[in-house]
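Here the sequence shown stands for residues -12 to 445, where the numbers follow my numbering. A quick write-up on the structure given underneath.
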Amino acid sequence: MSAANHIHQAHDARSGRIAIVGGGLAGSLLALALARQGHGVDVYERRADPRRQDSAAGRSINLGLSKRGMQALQMVGLLEQVLAHAVVMRGRVIHAPDGSTRYQAYGKDDSEVLHSIDRNLLNHLLLDQAEQHPQVKLHFEHRLLRADKAQRELELEAPGGRRISAHPAWVVGADGAFSSMRRELQHGMRADYQQEYLEWGYKELTLAPRADGSSAIELTALHVWPRSHCLFVSHPNQDGSHTLTLFLPFEGEDSFASVRSEADVTALFAKYFPDLLPLLPGLLEQWSRHPTGTLITTRTAPWRFGDWAVLVGDACHAVYPFYGQGMNSAFEDCCTLMNALETAQGDTATAFASYELARRRHTDALAQLSKSNFTELRQKVQSPWFVARKKLDLLLNRVWPRGWLPLYTMIAHTTMPYGDALQRARRQERVLHASGALALAVLGIAAVVLSLTLIGGN
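Structure representation (structure tokens):
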């Protein structure tokens, strides 16, 4: 890298400090985890400090905190503090087109629940905790320009257009689905990268509490309005409000392209969500003010470069939100990486390799699960067969708790690797089908025997 005098030397590798590119959920949590192990950490975030910004126009899809994410928060000593800001969700309430509702529990008892928390609130809390640690320095409005792998050097643009260079001992890319660090890490390498945009977007709305502060709908549940051409999901907040997310195609009939006027918005809700209309007096104002978001899933390899650079979270495996595991899987990356570093005893090349080996196959499986769950949420949750199948899963789990685990239980309420959970669910499905076939065969044989007996008697 040029030694021109306009580039300020931020720090060098002799300091032993670690750089994290990205100060979102995964970056801020990992900074805290590393600092608690005695490492000096510099976090470089492209955005301005989100704690000083109006979050209304940013991403605010509420997060469903599950076992994997809770494990990571426990690792940094913040689980109880985070849960104090969350709302327990014991199951989901399905809203049919006729206005009727049906409740589906998330698990066999209250030990198998999710916790709804606002994304921005969680990020602010993690940044606060990281900033308070003497080993962590947060650098906002610092955009990564280049990572020189040969020189082990980062070049960043700081506020005012200043260019600075940093020479960290090693660097983590935690800068999201459109990661600059991934681009730099894989430059010149035999790297694979795939991305897929969903042909649906999303828009967020707020369902306010009643005048007395109570929730307009059941608070301790995820609410789902499944329709074949659109989907509404609601996460509860502690103040009695709900964060609503409407998923709608970008193009075609009843899409973001076709809903252009206030009359179109009202007609869409009257057609698909008539029970919500009286609960959203500010619908039209919210619709015009809130942006339409896009959804992307990505897969890539490799996640690392030697002993100097590694990726975590959306930077290496962005997924659709329909299984509620994006944040949980990113936090689980942090746990796995910390465990790998501890096991490797300072050999970062070995740690990075074992981390990627332990995670990549399973996050690829999560991408598959998240995509298929989109269809389940829209089309299957209202099916009597689907409901009966879920009840059978829970019944078998109660009767045989170690031998039979529903797929959702394995994903949300355990830390079993995603790919292993998917394989086990498929084995269980084969057993169930074989048992059903056997039962039908036994009934068929019994019917034949009974018929022959009756014929013989005659």
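Every residue, glycine too, gets a C-beta built ideally from N, C-alpha and C.
> Using the beta-carbon count (16 or more within 10 Å), is Ser221 buried or exposed?
Replying inline: In the sequence shown, counting from the first residue as 1, residue 221 sits at position 234. Ser221 sits buried, since 16 or more C-beta atoms from the chains shown fall within 10 Å of its C-beta.
> In angstroms, rounded to a whole number, what distance separates the CA positions of Met314 and Ala198?
Replying inline: Within the sequence shown, the letter at position 327 stands for residue 314. Within the sequence shown, the letter at position 211 stands for residue 198. The straight-line gap from Cα to Cα measures roughly 33 Å.
> Start and end of the alpha helix (DSSP H) containing Ser316?
Replying inline: Taking the first residue of the sequence shown as 1, we reach residue 316 at position 329. Counting along the chain, the alpha helix (DSSP H) containing Ser316 begins and ends at Gly313 to Ala331.
> If you compare alpha carbons, which of Leu382, Gly293 and Gln91 is closest to Tyr342?
Replying inline: Position 355 of the sequence shown, counted from the start, is the residue given in the question as residue 342. Closest by alpha carbon: Gly293.
> Lys124 bridges to which residues according to DSSP?
Replying inline: Here residue 124 corresponds to residue number 137 of the sequence shown, with the count starting at 1. Answer by DSSP bridge pairing, in chain order: Asp29.
>> Just to confirm the assignment, what range does the alpha helix (DSSP H) spanning Glu249 have?
In response: The residue given as residue 249 occupies position 262 in the sequence shown. Here the alpha helix (DSSP H) through Glu249 covers Glu249 to Tyr259.
>> Considering only heavy atoms of the ligand MN, does any lie closer than 7 Å to the CB of Gly175?
In response: Absent from the structure shown: the ligand MN. Ligands present: none.
> Do you know whose CA, among Met62, Thr401, Lys124 and Gln58, lies nearest Glu32's CA?
Replying inline: Counting from one through the sequence shown, the residue named residue 32 turns up at place 45. Residue Lys124 is the option with its Cα nearest to Glu32.
> Quick one: Cα of Gly3 to Cα of Arg286, how far?
Replying inline: Sequence index remark: in the sequence shown, residue 3 carries index 16 (1-based). Sequence index remark: in the sequence shown, residue 286 carries index 299 (1-based). C-alpha separation (whole angstroms): 31 Å.
> Does DSSP classify Glu118 as helix, strand or coil?
Replying inline: The count along the sequence shown starts at 1 and reaches residue 118 at position 131. Note: Glu118 maps to helix in three-state DSSP.
> Closest to Ala117 by CA distance: which of Gly27, Arg365, Arg276 and Arg376 is it?
Replying inline: Here residue 117 refers to the residue found at position 130 when the sequence shown is read from its first residue. Cα-wise, what sits closest to Ala117 is Gly27.
> Under three-state DSSP, which class holds Met397?
Replying inline: Here residue 397 corresponds to residue number 410 of the sequence shown, with the count starting at 1. Helix, per DSSP.
> Can you tell me where the beta strand (DSSP E) with Tyr184 in it begins and where it stops?
Replying inline: For the purposes of this step, residue 184 is taken as residue 197 along the sequence shown, with counting starting at 1. Asp179 to Leu194 is the extent of the beta strand (DSSP E) around Tyr184.
>> Is the separation between the beta-carbon of Gly14 and that of Val30 shorter than 8 Å?
In response: Position 27 of the sequence shown holds residue 14. Position 43 of the sequence shown holds residue 30. Yes, the pair counts as a contact, with Cβ atoms nearer than the cut-off.
>> With three or more C-beta pairs closer than 8 Å as the rule, is the stretch 161 to 173 touching the stretch 133 to 152?
In response: As far as the Cβ criterion goes, the stretch 133 to 152 touches the stretch 161 to 173, which means the pair count is three or higher.
>> According to DSSP, simplified to helix, strand and coil, what is Tyr307?
In response: Locating residue 307 in the sequence shown gives position 320, where the first residue counts as 1. Reduced to three states, the DSSP call for Tyr307 is coil.
> From what residue to what residue does the alpha helix (DSSP H) around Phe361 run?
Replying inline: Translated into the one-based positions of the sequence shown, residue 361 becomes position 374. Counted as a single uninterrupted DSSP element, the alpha helix (DSSP H) harbouring Phe361 occupies residues Thr335 to Thr362.
> If you draw a straight line from the C-alpha of Asn360 to the C-alpha of Ala153, how long is it?
Replying inline: Counted from its first residue, the sequence shown places residue 360 at position 373. Counted from its first residue, the sequence shown places residue 153 at position 166. Near 42 Å, if we compare the C-alpha coordinates of Ala153 and Asn360.
>> Is the beta carbon of Val246 closer than 8 Å to that of Leu233?
In response: If you number the sequence shown from 1, residue 233 lands on position 246. If you number the sequence shown from 1, residue 246 lands on position 259. Contact: no.
> Closest by CA to Leu266, which one among Thr362, Leu194 and Gln61?
Replying inline: The residue you call residue 266 lines up with position 279 of the sequence shown. Looking at the Cα atoms, Leu194 is the closest of the given residues.
>> Short of 7 Å in beta carbon distance, which residues of its chain neighbour Leu383, apart from the five on each side in sequence? Order them along the chain.
In response: Start at 1 with the first residue of the sequence shown, and residue 383 comes out as number 396. Trp391.
> Are at least three pairs of beta-carbons, each pair with one atom in the stretch 202 to 222 and one in the stretch 316 to 326, less than 8 Å apart?
Replying inline: Because the criterion of three Cβ pairs below 8 Å is not met, the stretch 202 to 222 and the stretch 316 to 326 do not touch.
> Since Phe234 is in the beta strand (DSSP E), which residue starts that stretch and which ends it?
Replying inline: Within the sequence shown, numbered from 1, the residue matching residue 234 stands at position 247. His229 to Pro236 is the extent of the beta strand (DSSP E) around Phe234.
>> Check whether the stretch 65 to 80 and the stretch 270 to 286 touch, using three or more Cβ-Cβ pairs below 8 Å as the test.
In response: no
>> Please report the distance separating the alpha-carbon of Ala345 from that of Ala257.
In response: Locating residue 345 in the sequence shown gives position 358, where the first residue counts as 1. Locating residue 257 in the sequence shown gives position 270, where the first residue counts as 1. If I take the Cα positions, the gap works out to 48 Å.
> What did DSSP end up calling Glu99 once you bin it into helix, strand or coil?
Replying inline: The residue you call residue 99 lines up with position 112 of the sequence shown. If DSSP states are grouped into helix, strand and coil, Glu99 belongs with coil.
> By a C-beta neighbour count over all protein chains shown, 10 Å radius and 16 as the cutoff for buried, is Trp212 buried or exposed?
Replying inline: Counting from 1 along the sequence shown, the entry for residue 212 is found at position 225. It is buried - the Cβ of Trp212 has at least 16 other Cβ atoms within 10 Å.
> The beta strand (DSSP E) with Phe373 in it runs from where to where?
Replying inline: Locating residue 373 in the sequence shown gives position 386, where the first residue counts as 1. Not the beta strand (DSSP E): Phe373 falls in the alpha helix (DSSP H), residues Pro371 to Val386.
>> Assuming contact is defined by CB atoms lying nearer than 8 Å, are Leu231 and Phe243 in contact in what I supplied?
In response: Your numbering for residue 231 matches position 244 in the sequence shown. Your numbering for residue 243 matches position 256 in the sequence shown. In this structure, the beta-carbon distance from Leu231 to Phe243 does not fall below 8 Å.
>> For the alpha helix (DSSP H) containing Val69, name the first residue and the last one.
In response: Locating residue 69 in the sequence shown gives position 82, counting from the first residue. Segment Leu66 to Leu70, the alpha helix (DSSP H) holding Val69.
> Roughly how many whole angstroms lie between the Cα atoms of Pro223 and Val69?
Replying inline: The sequence position of residue 223 within the sequence shown is 236, counting from 1. The sequence position of residue 69 within the sequence shown is 82, counting from 1. Taking the straight line joining both Cα atoms gives about 15 Å.
>> Quick check on DSSP: helix, strand or coil for Glu171?
In response: As a working mapping, residue 171 is identified with position 184 in the sequence shown. DSSP places Glu171 in helix when its eight states are reduced to three.
> Relative to the C-alpha of His304, which residue among Thr330, Gln181 and Ala338 is closest?
Replying inline: Translated into positions along the sequence shown, residue 304 becomes position 317. Checking every option, the nearest Cα to that of His304 belongs to Gln181.
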